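**Q** To start, I am sharing the structure in question, which I have written as structure tokens.
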Amino acid sequence: MRNCNTLLDVINNRLCIGCGACTHILGSDVAIMIDYPEEGLRPALLRDLTPEENKKSLKVCPGICVPAQVNKISVDPLVGPVVKAWIGHAANQDVRRIGSSGGIITAISTYCLENDLIDYVAHTGMDAAEPWKNCNVISQSSVEILQKAGSRYAPSSPCEHFSVIRENKKKYVFVGKPCDVAALALTIKQQPELLECIPLVLSFFCAGVPATKSAFDLVNDFMDGRMENLQEVHYRGNGWPGEFRIKTKDLQNYNLYSYAESWHILQASRGLRCRLCADGMGDLADIACGDAWHLYKHDGNLGLSIVVARTKKGCSIVEDAIKDGYLVLREIKKDEILRSQGTDSGIINRRCAIWGRLFVLKLLGIPVTRFKGVPLRKAWKQLDLRTRLRIIIGTVVRVIKYGWNKPSH
Numbered sequence: 011m012r013n014c015n016t017l018l019d020v021i022n023n024r025l026c027i028g029c030g031a032c033t034h035i036l037g038s039d040v041a042i043m044i045d046y047p048e049e050g051l052r053p054a055l056l057r058d059l060t061p062e063e064n065k066k067s068l069k070v071c072p073g074i075c076v077p078a079q080v081n082k083i084s085v086d087p088l089v090g091p092v093v094k095a096w097i098g099h100a101a102n103q104d105v106r107r108i109g110s111s112g113g114i115i116t117a118i119s120t121y122c123l124e125n126d127l128i129d130y131v132a133h134t135g136m137d138a139a140e141p142w143k144n145c146n147v148i149s150q151s152s153v154e155i156l157q158k159a160g161s162r163y164a165p166s167s168p169c170e171h172f173s174v175i176r177e178n179k180k181k182y183v184f185v186g187k188p189c190d191v192a193a194l195a196l197t198i199k200q201q202p203e204l205l206e207c208i209p210l211v212l213s214f215f216c217a218g219v220p221a222t223k224s225a226f227d228l229v230n231d232f233m234d235g236r237m238e239n240l241q242e243v244h245y246r247g248n249g250w251p252g253e254f255r256i257k258t259k260d261l262q263n264y265n266l267y268s269y270a271e272s273w274h275i276l277q278a279s280r281g282l283r284c285r286l287c288a289d290g291m292g293d294l295a296d297i298a299c300g301d302a303w304h305l306y307k308h309d310g311n312l313g314l315s316i317v318v319a320r321t322k323k324g325c326s327i328v329e330d331a332i333k334d335g336y337l338v339l340r341e342i343k344k345d346e347i348l349r350s351q352g353t354d355s356g357i358i359n360r361r362c363a364i365w366g367r368l369f370v371l372k373l374l375g376i377p378v379t380r381f382k383g384v385p386l387r388k389a390w391k392q393l394d395l396r397t398r399l400r401i402i403i404g405t406v407v408r409v410i411k412y413g414w415n416k417p418s419h
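With the numbering used here applied, the sequence shown has no gaps in its numbers, which climb one by one up to 419 at the end.
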């Protein structure tokens, strides 16, 4: 089996997801994040790494390992650790409309900020210079949070925030993809002081990150190459699930694709690490949210989300936000989480299939991510024999078709 002994090995074996944790731990004088349009954000080394620096970078890399949760909460094979779960939306109708599926993360972030539980929110927003891209954002008001609300189906490196967070020694809500949250958990093991600076971690259900070029091509085709006239790109939101839409500098708005149409195009460029991710539901966050797809109807509903408290702290925050009028939620059981994220999103199906896919890749000598504390074999056993065989054969076919058995560089 090929081994990942260096940061370059992680990149060359397609295990990098561009979180930015390695650039934080190494320092900006050693590594920076660069956007490679066909792949996404990746660390660029400014010099050769020492053996010790390679070890440091691998210790915070969610491409190498996703750690087990430290809270003593039982982990369900399909939906992860659950203290309590709800379904609902933000109480504020503007937040609900602008957010992608009910505005839950925006509402919780605002609640924490307005009640002095934290000083800032570290999250991701649209890049003003190249609006099909993302940028790292630190907000300190509800207005700033709302300006950056909505899903962004493009690469992001929110773990670059860690350096600023660690230096400022203020309190932050951190919002990131499940893999970003895993990187945070790994980084806290190396820098425990980050735990004091980030008292709350929010995540969302994620089916993978498309490459930058996918969104660029969607917009560039419509703009006929005149990208300098582009002002905004929104992947969804302004209704549920919303449409892929743009705004030009002459203030014209255009709906280019439905959510389903745009995601069908964008998802094809997801990398190997995303396709082999067992944590699409934010197992390591305090609170994770995702579309309540089982209740979606084309009736003008402004959005409904599944809300899962993964820790007791997260549960307490949600319950307090309900009491204080920031959230409108009803409690649900595990089966409703499963119904909401079944065949339409594929997140549950992917979690069931991962053990078999990883098993095949390991047999073929291909490095894979270790998912600690996740009962993947139990999830695999939920599938019937015919489905398991189809997954195994399909994985072998994809390895040959896409050349996953060979380094990318």
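Just so it is clear, CB atoms sit at the ideal spot from N, CA and C, and this is done for glycine as well. All of these numbers come straight from a predicted model, not from anything done at the bench.
Can you list, in chain order, the residues of its chain whose CB lies under 8 angstroms from that of G383, leaving out five sequence neighbours each side?
**A** So the list reads P77, A78, Q79, V85, once near-sequence residues are dropped.
**Q** Please return the same chain residues whose Cβ sits closer than 7 angstroms to the Cβ of L399, not counting the five positions on each side in sequence.
**A** Closer than 7 angstroms at Cβ, skipping near neighbours: no residue.
**Q** Determine the closest residue to Q392 out of I297, G186, C362, W414, with distance taken between C-alpha atoms.
**A** Considering only alpha carbons, the answer is C362.
**Q** When burial is assigned at 16 or more other CB atoms within 10 Å of the CB, is N239 buried or exposed?
**A** Exposed, by the Cβ-count rule.
**Q** What are the start and end residues of each continuous alpha helix (DSSP H) run of 4 or more residues lying completely inside the stretch 29 to 57, in chain order?
**A** 31 to 36, all fully within the stretch 29 to 57.
**Q** Classify D301 as helix, strand or coil using the three-state DSSP reduction.
**A** Strand at D301.
**Q** Nearest to L348 by CA position, among D129, R360, S279, is which residue?
**A** The candidate whose alpha carbon is nearest that of L348 is R360.
**Q** Look up L25 in the DSSP assignment and say whether it is helix, strand or coil.
**A** Of the three classes helix, strand and coil, the one that applies to L25 here is coil, per DSSP.
**Q** For N81 and K323, I'd like the C-alpha separation in whole angstroms.
**A** For N81 and K323, the distance between alpha carbons rounds to 10 angstroms.
**Q** In this structure, how does DSSP classify D334 when only helix, strand and coil are distinguished?
**A** The answer is coil: DSSP assigns D334 none of H, G, I, E or B.
**Q** Check whether the stretch 306 to 317 touches the stretch 262 to 280, taking contact to mean three or more Cβ pairs, one atom from each stretch, closer than 8 angstroms.
**A** Output reads no: the stretch 262 to 280 does not touch the stretch 306 to 317.
**Q** Going along the chain, which residues of its own chain have a beta-carbon closer than 6 angstroms to the beta-carbon of K257, five neighbours each way excluded?
**A** Taken in chain order, the residues that qualify are Q241, E242, N263.
**Q** Using three-state DSSP, classify L17 as helix, strand or coil.
**A** Three-state DSSP puts L17 in a helix.
**Q** So, is P61 buried or exposed, given that buried needs 16 or more other C-beta atoms within 10 angstroms?
**A** Under this definition P61 is an exposed residue.
**Q** Taking C-alpha atoms, which residue in D19, C29, C299, I44 lies nearest to T134?
**A** Out of D19, C29, C299, I44, C29 has the C-alpha closest to the C-alpha of T134.
**Q** Specify whether the stretch 176 to 183 and the stretch 122 to 131 touch according to this definition: at least 3 beta carbon pairs, one from each stretch, less than 8 angstroms apart.
**A** Yes: at least three Cβ pairs fall under 8 angstroms.
**Q** Mind listing, in chain order, the continuous alpha helix (DSSP H) runs of no fewer than 4 residues lying wholly within the stretch 65 to 141?
**A** List check, alpha helix (DSSP H) in window: 103 to 108, 114 to 124.
**Q** In the DSSP assignment, the alpha helix (DSSP H) including H171 goes from what residue to what residue?
**A** Looking at the DSSP string, the run of the alpha helix (DSSP H) that includes H171 is 171 to 178.
**Q** Distance check for L294 and G404, CA to CA, integer angstroms please.
**A** Their backbone Cα atoms lie some 29 angstroms apart in a straight line.
**Q** Which partner residues does A319 have in the DSSP bridge list?
**A** A319 pairs with K94, I297.
**Q** If you run the structure through DSSP and keep just helix, strand and coil, what is Y163?
**A** Coil at Y163, not helix or strand.
**Q** If you count every other CB in all the chains shown that lies within 10 Å of the CB of S272, and 16 or more means buried, which is it?
**A** The residue in question, S272, is buried, as its Cβ has 16 or more Cβ neighbours within 10 Å.
**Q** Do L59 and L17 have their C-beta atoms closer together than 8 angstroms?
**A** Yes, Cβ-Cβ distance for L59 and L17 is below 8 angstroms.
**Q** Alpha carbon to alpha carbon, how far is V40 from P53?
**A** The alpha-carbon atoms of V40 and P53 are separated by roughly 10 angstroms.
**Q** Give every residue of the same chain whose Cβ lies closer than 7 angstroms to the Cβ of D354, excluding the five residues on either side of it in the sequence, and list them in chain order.
**A** Any reading at D354 must be qualified, since the residue scores a pLDDT of 47, below 50, and its modelled position is unreliable; no value is offered.
**Q** Within 10 angstroms of the Cβ of N13, are there 16 or more other Cβ atoms? Answer buried if so, exposed if not.
**A** Label assigned to N13: exposed.
**Q** Taking the alpha-carbon positions, what's the F172 to I42 distance?
**A** Between F172 and I42, the C-alpha separation is close to 14 angstroms.
**Q** Output the residue ranges of the beta strand (DSSP E) runs that lie fully inside the stretch 188 to 266 and measure 3 residues or longer, sorted by chain position.
**A** The qualifying runs are 210 to 214, 240 to 244, 253 to 258.
**Q** Mind the definition here: the stretch 277 to 294 touches the stretch 203 to 219 only if three or more C-beta pairs lie below 8 angstroms; say whether that holds.
**A** Because the criterion of three Cβ pairs below 8 angstroms is met, the stretch 277 to 294 and the stretch 203 to 219 touch.
**Q** Counting Cβ pairs closer than 8 angstroms, one from the stretch 110 to 124 and one from the stretch 150 to 160, do we hit at least three?
**A** Result yes; three or more Cβ-Cβ pairs closer than 8 angstroms.
**Q** Helix, strand or coil for D354? Go by DSSP, reduced to three states.
**A** Residue placement at D354 is flagged as unreliable, the pLDDT there being 47, under the threshold of 50; the coordinate-derived value follows with that caveat. Coil, per DSSP.
**Q** How far does the beta strand (DSSP E) with Y306 in it extend, from its first residue to its last?
**A** From DSSP, Y306 is part of no beta strand (DSSP E); its letter is neither H nor E.
**Q** Are the CB atoms of G90 and H99 within a distance shorter than 8 angstroms?
**A** In this structure, G90 does not lie closer than 8 angstroms to H99 by Cβ.
**Q** Compute the Euclidean distance between the alpha carbons of I1 and E124, then round it to the nearest angstrom.
**A** Because the chain is modelled from 11 through 419, residue 1 falls outside the range shown and cannot be assessed.
**Q** Would you kindly report the start and end of the unbroken alpha helix (DSSP H) that includes I402?
**A** It spans 395 to 412 - the alpha helix (DSSP H) in which I402 sits, taken as one unbroken run.
**Q** Measure from the alpha carbon of Y267 to the alpha carbon of each residue in F254, N102, K259, A278, then state which is nearest.
**A** Checked all of F254, N102, K259, A278; the closest Cα to Y267 is F254.
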